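Report on the structure given below.
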Amino acid sequence: MPSSNPTLNIKKILTGSFVVFIACAVVASVAAWQSFTPASLRLDDPDVGVLPPALPPSAMSVTSLPTGSYDSPAALTFRGGSWRETRHMAMTQVLIRHPKGNLLIDAGAGTNVDSHVLTLPAMQRTPYRRGTPAIEQLAALGMKPGDVAGVIPTHAHWDHISGLQDLKDVPVLISDRARMFIASETEDTKLLRSFQNVRFIEYKFDGGSYLGFPRSHDVWGDGSVVIVPAPGHTPDSVVVFVNLPSGKRLAFLGDLTFQMEGIDLPAEKPWMMRRIIGERDNEVRHDIALIRAAREKYPQIIAIAAHDSKAFQAIPVAPSTLR
Ligand SMILES: [Zn+2]
Numbered sequence: 001m002p003s004s005n006p007t008l009n010i011k012k013i014l015t016g017s018f019v020v021f022i023a024c025a026v027v028a029s030v031a032a033w034q035s036f037t038p039a040s041l042r043l044d045d046p047d048v049g050v051l052p053p054a055l056p057p058s059a060m061s062v063t064s065l066p067t068g069s070y071d072s073p074a075a076l077t078f079r080g081g082s083w084r085e086t087r088h089m090a091m092t093q094v095l096i097r098h099p100k101g102n103l104l105i106d107a108g109a110g111t112n113v114d115s116h117v118l119t120l121p122a123m124q125r126t127p128y129r130r131g132t133p134a135i136e137q138l139a140a141l142g143m144k145p146g147d148v149a150g151v152i153p154t155h156a157h158w159d160h161i162s163g164l165q166d167l168k169d170v171p172v173l174i175s176d177r178a179r180m181f182i183a184s185e186t187e188d189t190k191l192l193r194s195f196q197n198v199r200f201i202e203y204k205f206d207g208g209s210y211l212g213f214p215r216s217h218d219v220w221g222d223g224s225v226v227i228v229p230a231p232g233h234t235p236d237s238v239v240v241f242v243n244l245p246s247g248k249r250l251a252f253l254g255d256l257t258f259q260m261e262g263i264d265l266p267a268e269k270p271w272m273m274r275r276i277i278g279e280r281d282n283e284v285r286h287d288i289a290l291i292r293a294a295r296e297k298y299p300q301i302i303a304i305a306a307h308d309s310k311a312f313q314a315i316p317v318a319p320s321t322l323r
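Under the numbering used here, the first residue of the sequence shown carries the number 1, and numbering increases by one thereafter.
Below, the structure written as structure tokens:
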């Protein structure tokens, strides 16, 4: 029966409010601690096996096409990053020239990036800089969209596919997982679904294990461009290995980590970011361990996180190339 004593009722309400306040404060403190304090990341020690064979043609090369950047406090890019440091997050496309067909990894920021940013929830918009869209950089190299055999998105988030809108008629190479993810009603793929006339070509992970990743797809059959599934950041995420005639091997990580500290320290993304994105922590940790182990065993492997501007210094900007 409810108390008829007004003093007792006020006491109960105040006590209840205090308990809720303390509970919220504890949850917020734990979330902040888990997100922003430095913490050593314990990883397994996987066996990455033998170095997979590769016979890249001598004419093969890679070039980076920077299309813009957006700002983020380092604290939101890896656990232990500083709130005082701003990272300029690369939105860079990679051009692979190959005699069997030129390929692009990711699509960077396109001509309509301003309107693409407006499709994001307000809290996710940050200051950004427009660069030159890839379509214009390709034209400056004397290339038309028809000279590109396909674009390989590392995943379908807006900052990796914005430029696809400009690359009409260029096939977009996706896995069956990516097809399902794109077709789902998730906010993650809303921008890509809004583009008209995107021509998807589906590939299968029909190859065996590759540097510890369970399956692979060899795009040209010569070991020069090999895609492996890395579905921790998003279900469609992949890592793309590009093996050059010089013997250098590049691993394009997409958003497995936002910055190279994720691999080098190693350090996870802040807990809060992982929950907002919906990442699968164990999958991401395992794939970070694989990349670290592969790099340690085979020092010719250079890993590049998609938003790490410093890491992209390993690849010259067009018109220069790396072979
Ligand atoms: Zn991204």
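For each residue, glycine too, the CB sits at the ideal point set by N, CA and C.
All values reported here derive from a predicted model rather than from experimental measurement.
Can you tell me the Cα-Cα spacing of Thr15 and Met272, whole angstroms?
In the sequence shown, residue 15 corresponds to position 15, counting from 1. In the sequence shown, residue 272 corresponds to position 272, counting from 1. Looking at the two C-alpha atoms, the distance is approximately 30 Å.
Kindly indicate the opening and closing residues of the beta strand (DSSP E) around Phe252.
For the purposes of this step, residue 252 is identified with residue 252 of the sequence shown, where counting begins at 1. Looking at the DSSP string, the run of the beta strand (DSSP E) that includes Phe252 is 249–252.
Helix, strand or coil for Pro2, going by three-state DSSP, please let me know.
Looking up residue 2 in the sequence shown gives position 2. Reliability fails at Pro2, whose pLDDT of 49 lies under 50, so the model's placement of it is uncertain and no value is given.
Counting pairs of Cβ atoms below 8 Å between the region 143–152 and the region 164–172, do you hit three or more?
Cβ pair count under 8 Å is three or more, so yes.
Should the region 46–57 be called in touch with the region 207–218, which here means at least 3 C-beta pairs below 8 Å?
As far as the Cβ criterion goes, the region 46–57 touches the region 207–218, which means the pair count is three or higher.
Please find out if some non-hydrogen atom of ligand 1 comes closer than 7 Å to the beta-carbon of His116.
Position 116 of the sequence shown, counted from the start, is the residue given in the question as residue 116. Because no heavy atom of ligand 1 lies under 7 Å away, the Cβ of His116 does not count as near it: no.
With which residues is Ser69 paired in a DSSP beta bridge?
Here residue 69 refers to the residue found at position 69 when the sequence shown is read from its first residue. Ser69 pairs with Ala90, Arg129.
Between which two residues does the beta strand (DSSP E) holding Glu202 run?
Start at 1 with the first residue of the sequence shown, and residue 202 comes out as number 202. Looking at the DSSP string, the run of the beta strand (DSSP E) that includes Glu202 is 200–203.
Got a sec: does ligand 1 put a non-hydrogen atom nearer than 7 Å to the Cβ of Ala306?
Locating residue 306 in the sequence shown gives position 306, where the first residue counts as 1. Correct: Ala306 has its Cβ closer than 7 Å to ligand 1.
What do you get for Pro305, buried or exposed, if any count of 16 or more other CB atoms within 10 angstroms of its CB means buried?
If you number the sequence shown from 1, residue 305 lands on position 305. Looking at the sequence shown, residue 305 is not Pro but Ala. Label assigned to Ala305: buried.
Assuming His217 contacts Phe205 under a Cβ cut-off of 8 Å, what Cβ separation, rounded to an integer in Å, is found between them?
Here the question's residue 217 lines up with position 217 in the sequence shown. Here the question's residue 205 lines up with position 205 in the sequence shown. About 5 Å; that satisfies the 8 Å criterion.
Grouping DSSP H, G and I as helix and E and B as strand, with all else coil, what is Thr63?
Here the question's residue 63 lines up with position 63 in the sequence shown. Correct three-state label for Thr63: strand.
Should His160 be listed as close to ligand 1, given that the test is whether its C-beta is under 7 Å from any heavy atom?
As a position in the sequence shown, residue 160 is number 160, starting the count at 1. Within the cutoff, so yes.
Taking 7 Å as the cut-off, is the beta-carbon of Asp222 closer than that to any non-hydrogen atom of ligand 1?
Residue mapping note: residue 222 aligns to position 222 of the sequence shown, counting from 1. False, no ligand heavy atom lies under 7 Å from that Cβ.
Between Glu187 and Gly278, what straight-line distance do the alpha-carbon atoms span, to the nearest angstrom?
Position 187 of the sequence shown, counted from the start, is the residue given in the question as residue 187. Position 278 of the sequence shown, counted from the start, is the residue given in the question as residue 278. About 12 Å.
Compute the Euclidean distance between the alpha carbons of Leu173 and Glu296, then round it to the nearest angstrom.
Working through the sequence shown from its first residue, we reach residue 173 at position 173. Working through the sequence shown from its first residue, we reach residue 296 at position 296. Rounded to whole angstroms, Leu173 to Glu296 spans 30 Å at the Cα level.
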